[in-house]
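Below you'll find the structure, written out as structure tokens, and then a few comments.
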Amino acid sequence: INDGLMAIFFLLVALEIKREIVSGQLSSRSQLLMPLVAALGGVVAPALVYALINWGDAEAMQGWAIPTATDIAFALGMLSLLGSRVPLSIKLLLSTIAVIDDLLAIIIIAVFYTANLAPMAMAIAVALVVVLVLMNRMGVKSTAPYLFVGALLWMSVLKSGVHATLAGVVIGLCIPADDGKGGSPLEKLEHSLQPWVAYLILPLFAFANAGVPLPDSGWQTLLHPVPLGIALGLLLGKPLGVFGAVWLVSLTGKLRLPDDLGWGALLGVAVLCGIGFTMSLFIGSLAFESGAQQYAELNRVGILAGSVVAAILGLLWLRWRLPAPVLSARRD
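By the numbering used here, the letter at position 107 of the sequence shown is numbered 107, and the numbering carries on one by one without gaps.
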């Protein structure tokens with residue numbers, strides 16, 4: 001599941017990122033600044049919180065990136081529970097932060113969680129990446145050739161020592177955004193994959209990776225440095241990083257909040273960014289996949305505790321801060 005189905009998940013993530021770069025919130029520098037600053041702060045701060053709690057334990061420190069992730073599906077799902085209370089600017093901000101957060105997670109996985117490389121398999125993988133790029137440059141619009149070469153790329157990357165999910169990222173970034181006839185191969189593939197990812201791949205992944213040994217999952221377990229660092233990274237580090245980074249940059253005058261997004265609402269968004277769940281579970285499975293099995297179980301406790309509490313607190317805070325919708329017409 002982690003190598004195969006999650007590659008499809010990251011293919012979908014890459015398609016979403018490319019769409020945002022081409023025509024969405026990442027296409028304009030002015031629109032990009034606030035979510036970029038927020039996402040960067042939301043990666044650095046929780047990593048520091050985790051490191052401070054686990055400093056001195058080399059095996060535990062392998063999990064520093066676990067609380068840096070945001071689960072875009074769960075975060076937006078919680079936001080949707082507030083219905084029409086939520087202005088468009090908040091939805092766009094949270095989704096854009098989460099997309100950038102996913103991109104940063106991909107970079108972290110590639111740089112910090114890659115095993116020893118196999119030169120021959122790596123060379124084949126690089127050659128296949130070149131083929132995908134050339135296909136894009138030469139105007140190949142059908143997605144089938146990309147998926148065929150992408151399957152070969154996935155097998156090569158799997159053998160190379162680089163995590164196989166990164167093959168999905170490369171494929172997604174090479175899918176053309178425009179077929180020259182008013183259609184978008186990228187968006188068609190994205191829409192085709194969304195239900196499979198949402199209703200099959202992510203539930204399977206969560207079921208396979210979220211198991212917590214119930215007899216050992218009390219408060220004492222949560223107070224162990226690994227789950228405590230993860231939970232506090234998600235609950236405190238994420239909001240402090242997201243909110244604090246935006247506030248600091250706003251002091252320079254280079255960033256201003258939209259008119260319908262106050263500082264109180266921004267804090268609620270920052271708290272929802274602490275819902276790590278599937279992305280945190282995935283990074284945790286990489287961080288502790290060898291030699292630290294006791295931490296592999298403990299990290300799930302911290303992820304679930306931190307994500308659930310962040311979801312509840314973020315929802316309650318935004319429900320309090322955002323005004324109830326006003327009916328456009330009243331019955332006489």
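No residue lacks a Cβ here, since even glycine has one placed at the ideal position from N, Cα and C.
In this text, all values refer to a predicted model and were calculated from it rather than measured experimentally.
Is the beta carbon of residue j closer than 8 Å to that of residue i?
| i | j | result |
| --- | --- | --- |
| leucine 15 | glycine 172 | yes |
| glycine 63 | glycine 284 | yes |
| leucine 11 | glycine 183 | no |
| alanine 39 | valine 246 | no |
| alanine 346 | isoleucine 275 | Any question about residue 346 goes unanswered here, given that the chain covers just 1 to 332. |
| alanine 7 | serine 280 | no |
| leucine 5 | leucine 318 | no |
| alanine 177 | arginine 19 | yes |
| leucine 202 | alanine 73 | yes |
| tyrosine 50 | glycine 244 | no |
| tyrosine 146 | isoleucine 175 | yes |
| aspartate 71 | isoleucine 17 | no |
| leucine 93 | proline 35 | yes |
| valine 162 | alanine 110 | yes |
| proline 185 | lysine 141 | yes |
| leucine 153 | valine 129 | yes |
| valine 131 | valine 149 | yes |
| glycine 314 | valine 271 | yes |
| valine 249 | leucine 257 | no |
Which residues mark the beginning and the end of the alpha helix (DSSP H) in which residue i is found?
| i | result |
| --- | --- |
| tyrosine 113 | Taken as a continuous stretch (DSSP letters only), tyrosine 113 belongs to no alpha helix (DSSP H), as it is neither H nor E. |
| proline 35 | 29 to 54 |
| proline 227 | 225 to 232 |
| cysteine 174 | 165 to 174 |
| leucine 152 | 143 to 160 |
| lysine 181 | Premise fails: lysine 181 is in no alpha helix (DSSP H) and is neither H nor E. |
| proline 185 | 185 to 196 |
| tryptophan 64 | Run containing tryptophan 64: none; DSSP gives neither H nor E here. |
Could you check the C-alpha separation between residue i and residue j for me, to the nearest Å?
| i | j | result |
| --- | --- | --- |
| aspartate 57 | valine 301 | 19 Å |
| isoleucine 124 | alanine 265 | 48 Å |
| valine 269 | isoleucine 90 | 7 Å |
| cysteine 273 | isoleucine 107 | 19 Å |
| leucine 286 | alanine 65 | 10 Å |
| glycine 306 | phenylalanine 277 | 9 Å |
| phenylalanine 282 | leucine 322 | 33 Å |
| leucine 327 | leucine 251 | Here the model assigns leucine 327 a pLDDT of 49, short of 50, so the residue's position is not dependable, and the following value carries that caveat. Taking the straight line joining both Cα atoms gives about 37 Å. |
| lysine 188 | threonine 143 | 9 Å |
| methionine 120 | alanine 105 | 26 Å |
| leucine 235 | leucine 267 | 12 Å |
| threonine 114 | alanine 164 | 10 Å |
| proline 67 | leucine 52 | 13 Å |
| valine 308 | glycine 41 | 21 Å |
| valine 13 | leucine 166 | 11 Å |
| glutamine 31 | leucine 304 | 32 Å |
Please go through the same chain and pick out, in chain order, the residues whose beta-carbon is closer than 7 Å to the beta-carbon of residue i, but skip the five residues on each side of it.
| i | result |
| --- | --- |
| tryptophan 320 | none |
| isoleucine 312 | none |
| alanine 60 | Asn54, Pro225, Val226 and Tyr295 |
| phenylalanine 288 | Gln62, Gly63, Tyr295, Ala296 and Asn299 |
Can you list, in chain order, the residues of its chain with a C-beta nearer than 6 Å to that of residue i? Leave out the 5 residues immediately preceding and following it.
| i | result |
| --- | --- |
| proline 227 | Leu298, Val301 and Gly302 |
| valine 411 | Within the shown structure, residues of the chain are numbered from 1 to 332, placing residue 411 beyond reach of any answer. |
| lysine 181 | none |
Spatial neighbours of residue i within its chain, please: CB distance less than 8 Å, with the 5 preceding and 5 following residues excluded, ordered by chain position.
| i | result |
| --- | --- |
| serine 27 | Glu20 and Ile21 |
| aspartate 179 | Lys141 and Pro185 |
| phenylalanine 205 | Ile1, Asn2, Leu5, Met6, Phe9, Thr278, Leu281 and Phe282 |
| threonine 221 | Pro227, Leu298 and Val301 |
Looking at residue i and the ligand GTP, is the gap between the Cβ and the nearest heavy atom below 7 Å?
| i | result |
| --- | --- |
| proline 258 | The ligand GTP is not among the ligands present in this structure, which contains no ligands whatsoever. |
Touch test, the region 239 to 256 against the region 41 to 58, Cβ-Cβ under 8 Å, three pairs minimum:
The region 239 to 256 makes contact with the region 41 to 58: 3 or more CB pairs, one atom from each, lie closer than 8 Å.
Stretch pair the region 89 to 105 + the region 137 to 157: three plus CB contacts closer than 8 Å:
no
Is it the case that the region 190 to 206 contacts the region 150 to 157, given that we only count it when at least three CB pairs across the two stretches are under 8 Å?
no
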